[in-house]
Amino acid sequence: MHEAMHHGFSYDDPKWANLGQGSPETGLIPDAPARVESLTIPAAAQQYGPVAGNRDLRQAVADFYNTTFRRDKKSQYTRDNVSIASGGRLALTRLASALGNINMGHFIPDYTAYEELLSVFKAFTSIPILLDAEAGYKIPLPALKKEILGRGLSALLVSNPCNPTGQLIEGDELRAWCGLARECQCSLIIDEFYSHYLYGAAVDGSCKMVSAAAFVEDVETDPIIIVDGLTKNWRYPGWRISWTLGPKAVIEAIASAGSFLDGGANHPFQSIAAKLLDPQLALQETLAIQKHFGKKREYVLARLKCMGICVDAEPAGAFYVWANLSHLPKPLNDGMSFFREGLKESVIIVPGVFFDVNPGNRRAHGRYENYCRISFGPELKKLETGLDALERVIKKFKK
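Each residue of the sequence shown is one higher than the one before, starting from 9 at the first, in my numbering.
In structure tokens:
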């Protein structure tokens, strides 16, 4: 964004399109619940809130998961299984600071912010696990077990659906992952921020949400830790409200870390956030998201295909396309060059090298130079503007 601003980018300039953005459009979309546009702040909410979060919001989070994913389970989440933080990065930072001297696995490619997170804390060692394009950026369960046992992993960090590839672990596959975590006593830390952006719903207009919470047998003994929030699935990124769901002992450790890291999340927004977690409201928002973003997904994939940009594995979730640029003319087949040429036409994308999570720059060899991430988070008009700009870039070099 710093480089884009040197080229004249500003958020209110209509000629610019940010197809690199990591947030969804936040306005009203068809069939979605009304957006919250104002709130009243009572006197009590102007004080510091509890470090672990507002009791009502923590209970609302627990109730949401119990109602949506655990109706038939004897073991149920309570507010003591929930911690509230100021956004996903901070939730993961609290969690990372509470980890001991362990080996923690992570996948490549994955969310860019994981690199900084895994670099800052020296108490644990980060172990990369490469996902191949030929395998659709997925890993078979036997191979995952081999990685956990062979590398001595005590924790595994994964985004589901994945940012940037959009690949999804669900159903029996996700059940097996949770079972493997129990069997190997390897903590499964799942970033579920995009878990309502799914594009394989039934043709009858129904929708689904995916969460590892559905496959937790005992909320206190299963080593499953879930991170989510209002940022993506409820389309309120500016509120900076996230939560971590897991065993009480983990939540207590996270709250302890939060007491010195940040002191607690925004207090006034927490009381109104609890209302958004009503399961029926969440279902209505999810259905609207899947219809609206599903159309944008199809539009972007079709436009990219016409431009000669390949997609190794179409996104089953999230709102990104992991674009393979290798068939474009030089220098556009390099993600960084494509990004810089795009700036000249007032469009922003993210070069693929930023998703080559490399904590501490321990690896000299880089990956994904021939890739970029293109977001369909923006409004359709911005997508049209941005894709028109990418088309101009490509035509310029084809000449």
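For each residue, glycine too, the CB sits at the ideal point set by N, CA and C. Small disclaimer: the values here were computed from a predicted structure and weren't measured.
Opposite residue i in the DSSP bridges: which residues?
| i | result |
| --- | --- |
| C441 | No answer is possible for residue 441: the residues shown for the chain start at 9 and end at 407. |
| P136 | H114 |
| V166 | I198 |
| I234 | I198 and L253 |
| I356 | N26 |
For residue i and residue j, I'd like the C-alpha separation in whole angstroms.
| i | j | result |
| --- | --- | --- |
| L98 | K403 | 42 Å |
| L253 | D270 | 19 Å |
| H10 | L351 | 11 Å |
| H373 | V69 | 42 Å |
| A60 | G187 | 28 Å |
| L238 | I156 | 31 Å |
| K299 | A131 | 43 Å |
| I198 | A12 | 32 Å |
| M112 | R78 | 28 Å |
| I382 | A331 | 7 Å |
| S264 | L164 | 22 Å |
| L182 | L196 | 11 Å |
| S214 | A310 | 24 Å |
| G35 | P367 | 36 Å |
| F327 | G343 | 19 Å |
| D20 | G394 | 15 Å |
| L125 | L103 | 10 Å |
| Y145 | Q55 | 46 Å |
| W242 | G16 | 31 Å |
| L139 | L47 | 44 Å |
| R305 | F384 | 7 Å |
| P38 | Q288 | 16 Å |
| K390 | G325 | 21 Å |
| A143 | A321 | 9 Å |
| P169 | E200 | 7 Å |
| D396 | Y202 | 27 Å |
| A220 | F362 | 27 Å |
| R190 | W251 | 22 Å |
| R66 | E399 | 47 Å |
| V258 | G160 | 21 Å |
| I233 | L312 | 36 Å |
| G108 | N369 | 22 Å |
| S417 | V308 | As shown, the chain starts at 9 and ends at 407. That puts residue 417 outside it, with no answer to give. |
| L340 | F405 | 8 Å |
| E123 | S134 | 10 Å |
Assign residue i to one of three DSSP states: helix, strand, or coil.
| i | result |
| --- | --- |
| F129 | coil |
| P323 | coil |
| C380 | strand |
| T229 | coil |
| W247 | helix |
| L206 | strand |
| P276 | helix |
| L107 | coil |
| A372 | coil |
| G343 | helix |
| V90 | strand |
| S214 | coil |
| D396 | helix |
| K299 | helix |
| I147 | coil |
| Q288 | helix |
| G350 | helix |
| Y122 | helix |
| D270 | coil |
| I402 | helix |
| R159 | coil |
| T173 | coil |
| D180 | helix |
| P386 | coil |
| S264 | helix |
| P337 | coil |
| Y307 | helix |
| K313 | helix |
| K283 | helix |
| G96 | helix |
Under 7 Å from any heavy atom of the ligand ADP, does the C-beta of residue i make it?
| i | result |
| --- | --- |
| I402 | Absence of the ligand ADP from the depicted structure is noted, as is the absence of any ligand whatsoever, leaving it without description. |
Can you check the segment 12-80 for any alpha helix (DSSP H) of at least 4 residues that lies completely inside it and give the ranges in chain order? 63-77, all fully within the segment 12-80.
Are the segment 347-361 and the segment 14-26 in contact at 8 Å, needing three or more beta carbon pairs? Yes, they touch.
Would you call the segment 287-295 in contact with the segment 377-384, where contact means no fewer than 3 C-beta pairs closer than 8 Å? Cβ pair count under 8 Å is below three, so no.
If you pair each beta-carbon of the segment 195-208 with each one of the segment 163-183, do three or more pairs fall below 8 Å? As far as the Cβ criterion goes, the segment 195-208 touches the segment 163-183, which means the pair count is three or higher.
Determine contact between the segment 116-126 and the segment 261-277, defined as no fewer than three beta-carbon pairs at a distance below 8 Å. With a cut-off of 8 Å, the segment 261-277 and the segment 116-126 do not count as touching, because too few Cβ pairs lie within range.
Per the contact definition of three or more C-beta pairs closer than 8 Å, is the segment 217-237 in contact with the segment 82-90? Flag = yes, the segment 82-90 and the segment 217-237 touch.
Does the count of Cβ pairs from the segment 314-322 and the segment 45-56 closer than 8 Å reach three? Between the segment 314-322 and the segment 45-56 there are fewer than three inter-stretch CB-CB distances shorter than 8 Å, so the stretches are not counted as touching.
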